[in-house]
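Visitor:
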Amino acid sequence: MKSYIKKYAKFFDYPLLFTYLALTIFGLIMIYSSSMAWSVNYYGSEPDRFYIQQLINLAIAFPVFAIAAVFPYKHFKKRWMMMTILTVVFAGLIAVHFVGFAAGGAKSWISLGFANIQPSEVAKVGIILYLAGVFSNKYNNGTINKLNESIIPPVIILTLVLFSVFLEPDLGSMLIIGAVGLSVMSASGVRLKPFIRLAGVFVAAASIIIVPFLIFAGDMIFTEKRLGRLDAFFNPFSDELGFGFQIVNGYLAIGSGGLSGLGLGQSIQKLGYLPEPHTDFIMSVIAEELGVLGVVFVLGGLGFIVLRGLWIAMTTHDPLARMLAAGVASMIGIQSFVNLGGLTGIIPLTGVTLPFISYGGTSVILLSLAMGVLMNVSMFNKYEKTKK
Numbered sequence: 000m001k002s003y004i005k006k007y008a009k010f011f012d013y014p015l016l017f018t019y020l021a022l023t024i025f026g027l028i029m030i031y032s033s034s035m036a037w038s039v040n041y042y043g044s045e046p047d048r049f050y051i052q053q054l055i056n057l058a059i060a061f062p063v064f065a066i067a068a069v070f071p072y073k074h075f076k077k078r079w080m081m082m083t084i085l086t087v088v089f090a091g092l093i094a095v096h097f098v099g100f101a102a103g104g105a106k107s108w109i110s111l112g113f114a115n116i117q118p119s120e121v122a123k124v125g126i127i128l129y130l131a132g133v134f135s136n137k138y139n140n141g142t143i144n145k146l147n148e149s150i151i152p153p154v155i156i157l158t159l160v161l162f163s164v165f166l167e168p169d170l171g172s173m174l175i176i177g178a179v180g181l182s183v184m185s186a187s188g189v190r191l192k193p194f195i196r197l198a199g200v201f202v203a204a205a206s207i208i209i210v211p212f213l214i215f216a217g218d219m220i221f222t223e224k225r226l227g228r229l230d231a232f233f234n235p236f237s238d239e240l241g242f243g244f245q246i247v248n249g250y251l252a253i254g255s256g257g258l259s260g261l262g263l264g265q266s267i268q269k270l271g272y273l274p275e276p277h278t279d280f281i282m283s284v285i286a287e288e289l290g291v292l293g294v295v296f297v298l299g300g301l302g303f304i305v306l307r308g309l310w311i312a313m314t315t316h317d318p319l320a321r322m323l324a325a326g327v328a329s330m331i332g333i334q335s336f337v338n339l340g341g342l343t344g345i346i347p348l349t350g351v352t353l354p355f356i357s358y359g360g361t362s363v364i365l366l367s368l369a370m371g372v373l374m375n376v377s378m379f380n381k382y383e384k385t386k387k
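Using numbering that gives the first Met the number 0, the first residue of the sequence shown is number 0, and each one after it goes up by one.
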């Protein structure tokens, strides 16, 4: 391990590191600003409750990032590693249905006493590592395009993960995991025709499991709250004091910010008009307090990470590195789109956090793990280019 670190350390991707640190620290500041009133008024706690908790989360996340950055990524294609990842993912997804508790309408959290974890967040990163390992091995042994041998088994695994998340029901995370899974597969080196067949198998497998459940138990999924969110998507102002309340006040926050905002800490909408302003709708508070400049900073940072990841994927010659980089980049990009699309009304609200910015322990720790893997791949890619 020491020789590995010494070998690749001088190829550290400092722009990627700086962007990651800048976003997480900026997110910490905005969590403090956006959660003060909510913490006092709705939890009866100190104004820095969520700030302190996120500080603790980052104290865990930064070492996780560092370990992932120096842990040789090629271990992810080893059988024991893939089995370990799947065991952890399914253990969490199964346990949440028996010992989990609901938050935001979905039974998606498990209490460990000292902390709460969200298995669907673990599944997002876990499915990237597993699929990249599986398809990398298939690519190397020349069976990547064989449907029965190489494509159907991992598609079944992905479908089971999606079905478990669907049952919570966490439809936002299910959408992200499915899209990320297809992104990894598209970067696997499979030819176009087998990939189309792969996508067809995936859709068929998901339909066989999910569609009958919707027919016989649709009332469990399409609750009044979720249908209300759908109505609010089409016309939030028709029920601005009900289901459209959050979207309408998010619009007011965004529209009030202007170019430079009202000033850090000066948001009006966070004082009770925006439910949980430090999670899903934190970008609305950023827009109100820091204006277009604050929004551009966040979007620029997230966009840089996504584009950097895709560039690494396109320039590396290692299929495992390509899939890992594409998977991490697509996860961050897709989750950012789902969050921002919900608060701007482009898509229905799904309760998905904004990467690196929103409050959340499981989210920031797993995102840091994914960023560490991306850093690891970037260092290897730089080393290979220098070597050649």
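Think of the CB as a built atom: it goes at the ideal place given N, C-alpha and C, for glycine as much as any other residue.
Do three or more CB pairs link the stretch 183-191 to the stretch 348-356 at distances below 8 Å?
Guide: As far as the Cβ criterion goes, the stretch 183-191 does not touch the stretch 348-356, which means the pair count is below three.
Visitor: Just reading off the beta strand (DSSP E) that Lys106 is part of, what are its end residues?
Guide: 105-110
Visitor: Note the first and the last residue of the continuous alpha helix (DSSP H) segment covering Phe296.
Guide: 281-314
Visitor: Where does Trp108 land, buried or exposed, given buried means 16+ other C-beta within 10 angstroms?
Guide: buried
Visitor: Contact defined as beta carbons within less than 8 Å: I believe Leu161 pairs with Met173. What is the distance between those atoms, to the nearest angstrom?
Guide: The C-beta distance from Leu161 to Met173 rounds to 5 Å, short enough to meet the 8 Å contact threshold.
Visitor: Can you tell me whether DSSP reads Asn144 as helix, strand or coil?
Guide: coil
Visitor: Going by beta carbon distance, what residues of the same chain come within less than 6 Å of Ser367, once the five residues before and after it are set aside?
Guide: Cβ within range, chain order: Ala60, Val63, Phe64.
Visitor: Between Val133, Phe25, Gly91, which has its C-alpha nearest Met282's C-alpha?
Guide: Met282 has its Cα closest to that of Phe25, out of Val133, Phe25, Gly91.
Visitor: Closer than 7 Å by C-beta to Gln53: which residues in its own chain qualify, once you throw out the five before and the five after it? Chain order, please.
Guide: Leu27, Ile30, Tyr358
Visitor: What three-state label does DSSP hand Asn115 in the structure shown?
Guide: strand
Visitor: Would you decide whether Gly199 is buried or exposed? Buried here means 16 or more other CB atoms lie within 10 Å of its CB.
Guide: Exposed, because fewer than 16 other Cβ atoms sit within 10 Å of the Cβ of Gly199.
Visitor: What three-state label does DSSP hand Ala102 in the structure shown?
Guide: DSSP places Ala102 in strand when its eight states are reduced to three.
Visitor: Run the CB neighbour count on Ala90, radius 10 Å, all protein chains shown included, and call it buried at 16 or more, exposed below.
Guide: Exposed, by the Cβ-count rule.
Visitor: Is Gly421 buried or exposed, if buried means 16 or more other CB atoms sit within 10 Å of its CB?
Guide: What is shown of the chain runs 0 to 387, which leaves residue 421 out entirely.
Visitor: Determine the extent of the alpha helix (DSSP H) in which Leu57 is found, giving its start and end residues.
Guide: Membership of Leu57 in the alpha helix (DSSP H) is indicated by the continuous run 48-69.
Visitor: Across the stretch 335-348 and the stretch 36-50, are there enough close Cβ pairs to call them in contact, namely three or more that are closer than 8 Å?
Guide: no
Visitor: Report yes if the CB atom of Ala105 is closer than 9 Å to the CB atom of Glu167, and no otherwise.
Guide: yes
Visitor: Can you tell me where the alpha helix (DSSP H) holding Ser329 begins and where it ends?
Guide: 318-343 is the span of the alpha helix (DSSP H), which, as asked, contains Ser329.
Visitor: Output the distance between the C-alpha atoms of Gln265 and Ser163, rounded to the nearest integer angstrom.
Guide: If you take the alpha carbons of Gln265 and Ser163, they lie about 41 Å apart.
Visitor: Check for me: the alpha helix (DSSP H) holding Ser187 runs from which residue to which?
Guide: That residue, Ser187, is in no alpha helix (DSSP H); it is neither H nor E in DSSP.
Visitor: For Thr18, which residues in the same chain have their Cβ closer than 7 Å to its Cβ, ignoring the five residues on either side in sequence?
Guide: Gly300, Phe303, Ile304
Visitor: With a Cβ-Cβ cutoff of 9 Å, do Ala131 and Leu323 count as a contact?
Guide: With a cutoff of 9 Å on beta-carbon distance, Ala131 and Leu323 are scored as near each other.
Visitor: Tell me which residues share the same chain as Phe11 and place their Cβ nearer than 7 Å to its Cβ, disregarding the 5 neighbours each side in the sequence.
Guide: Met378
Visitor: Hey, could you find the ends of the alpha helix (DSSP H) Asn421 is sitting in?
Guide: Residue 421 is absent from the model: the chain starts at 0 and stops at 387.
Visitor: Measuring straight from C-alpha to C-alpha, what distance separates Ala252 and Val337?
Guide: Straight through space, the alpha carbons of Val337 and Ala252 are spaced by roughly 19 Å.
Visitor: Grouping DSSP H, G and I as helix and E and B as strand, with all else coil, what is His74?
Guide: helix
Visitor: Between which two residues does the alpha helix (DSSP H) harbouring Ile150 extend?
Guide: Per DSSP, Ile150 is not a residue of any alpha helix (DSSP H), being assigned neither H nor E.
Visitor: Where does Ile388 fall in DSSP's three states?
Guide: This structure cannot settle anything about residue 388, because the visible part of the chain is limited to 0 through 387.
Visitor: Spatial neighbours of Pro118 within its chain, please: CB distance less than 6 Å, with the 5 preceding and 5 following residues excluded, ordered by chain position.
Guide: Gly91, Leu92, Val95
Visitor: Nearest to Val98 by CA position, among Ile84, Asn380, Asn115, is which residue?
Guide: Of the candidates Ile84, Asn380, Asn115, the one whose C-alpha sits nearest the C-alpha of Val98 is Asn115.
Visitor: With a threshold of 7 Å on Cβ separation, who are the neighbours of Phe280 within its own chain once the five nearest residues in sequence on each side are excluded?
Guide: Gln245, Gly249, Leu273, Leu342
Visitor: What are the start and end residues of the alpha helix (DSSP H) that includes Ile356?
Guide: It is not in any alpha helix (DSSP H) - Ile356 carries neither H nor E in the DSSP assignment.
Visitor: I'd like to know whether the C-beta atoms of Val183 and Gly326 end up nearer to each other than 9 Å.
Guide: It is a contact, given that the beta carbons lie within the stated cut-off.
Visitor: Around the Cβ of Ala286, are there at least 16 other Cβ atoms within 10 angstroms (buried) or fewer (exposed)?
Guide: buried
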